Amino acid sequence: MKSVLWDKLGALLTFAFGLVAALAWNGAIIAVFKEVFGTAENITAMIIYAVIVTVVAVLVIIWVAKIVKRTKEEPPAAATKECPYCITDIPLKATRCPNCTSELPK
Ligand SMILES: [Zn+2]
């Protein structure tokens with residue numbers, strides 16, 4: 034349940050950050066390229082701009098994916114216990130072992 038929530042939150046954050054970052058940096062980076070190359074319409078400037086934006090987007094996606102992966106690595110809660118008489122795995126709620134029929138201590 035918690036990891037599903039983080040999955041959705043991760044996807045939303047990735048999209049939201051990408052959109053916000055694109056809007057925030059678009060004008061600034063184009064202005065910088067106009068200073069450096071004279072015009073932002075230059076193919077070289079546009080390609081460099083696209084590469085920079087792609088690198089930033091990939092880094093953020095990797096960062097969010099690491100957080101999502103970390104939340105998935107929580108060990109699942111134990112659903113079984115070990116019978117003290119025959120040493121087999123039995124359901125946690127069992128009061129009698131299904132394998133050796135021994136009555137189990139509470
Ligand atoms: Zn047993």
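Mapping of the sequence shown onto the numbering used here: residues 34 to 139, in sequence order. Idealized CB from N, CA, C, for every residue including glycine. Just so it is clear, the structure is predicted and the values come from calculations on it, not from any experiment.
Two segments are said to touch when three or more pairs of C-beta atoms, one from each, lie closer than 8 Å; by this definition the stretch 51-62 does not touch the stretch 116-129. With respect to the C-alpha of Leu38, the residue from Ala112, Glu115, Ile100 having the closest C-alpha is Ile100. Summarising the contact set, residues whose Cβ lies nearer than 7 Å to any heavy atom of ligand 1 are, in chain order, Cys116, Tyr118, Cys119, Thr121, Ile123, Cys130, Asn132, Cys133, Ser135. Taking Leu45 as reference, the option from Ala64, Ala98, Lys126, Ala127 with the minimal CA-CA separation is Ala98.
In the same chain as Glu115, and ignoring 5 residues on each side of it, the C-beta atoms closer than 8 Å to its own belong to Thr121, Asp122, Ile123, in chain order.
Counting along the chain, the unbroken beta strand (DSSP E) around Lys114 starts and ends at 113-115. For the 8 Å CB-CB criterion, Ala90 and Gly43 do not form a contact. Residue pairing by DSSP places Asp122 opposite Glu115 in a beta bridge. Per the coordinates, the alpha-carbon of Ile63 lies some 23 Å from the alpha-carbon of Thr47.
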